[in-house]
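Under the UniProt record's numbering, the residues of the sequence shown are numbered 1 to 108, in order. Every residue gets a Cβ at the ideal spot worked out from N, C-alpha and C, and that includes glycine. Please read all numbers here as calculations on a predicted model, not as lab measurements. What follows is a set of notes on a single structure, which appears directly below.
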Amino acid sequence: MENWLKYFSLDQIHIVDGDTLIKDPLPELQKVEKFLSLPPRIMPSNFYFNQTKGFYCIRSDGRERCLHESKGRPHPVVNNTVLEQLRAYFREHNNNFYRMVNRSFNWH
C-alpha cells in the first residue's frame, strides 16, 4: 500500500472490506458505486442467500449466479496457538496498513 500511496492519494483508492462483502454485500457494493460516482443500481433484490453454499449470490435479469463450486467451501480448523502466532507476526504490518488507510479491520 505504501508504494501505491506514492502515486495515488487515499481518496483515489477504494478498499473493499472482504469480510463485510461476504456477510452483507449490499452496503459494501453501494460504497463501490458511490466511490466510482455511478448511479445507484445495486438493490437488495440483487442478492439472495444460498443456504447450500452459506453465502450471498447475485440475482440479475431474472438469473441467479453464485461463485464457482470451489468458493464457499468450509475452511480447515486452525489451531489457536497457530492463529495467535500468525496474529503476532502480522500485527505490526496490519497496524501500519491501518495507519496508512485511516481505517481498521478485524484482522486481529
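- Message: For Arg103, tell me which candidate among Leu29, Lys6, Ile13 has the shortest Cα-Cα distance.
- Response: Ile13
- Go ahead and label Phe49 buried or exposed: buried means 16 or more other beta carbons lie within 10 angstroms of its beta carbon, across all protein chains shown. Phe49 is exposed by the Cβ-count criterion.
- Message: At the level of alpha carbons, what is the spacing between Asp11 and Leu36?
- Response: Going from the Cα of Asp11 to the Cα of Leu36 covers about 11 Å.
- Message: Please report the distance separating the alpha-carbon of Leu86 from that of Gly62.
- Response: Rounded to the nearest whole angstrom, the C-alpha separation of Leu86 and Gly62 is 43 Å.
- Item | Between the CA atoms of Gly18 and Phe47 - distance to the nearest angstrom | Phe47 and Gly18: Cα-Cα distance of roughly 16 Å.
- Message: In the DSSP assignment, the beta strand (DSSP E) including Glu64 goes from what residue to what residue?
- Response: 63-65
- Pairwise C-alpha distance: Val32 and Leu67: 19 Å
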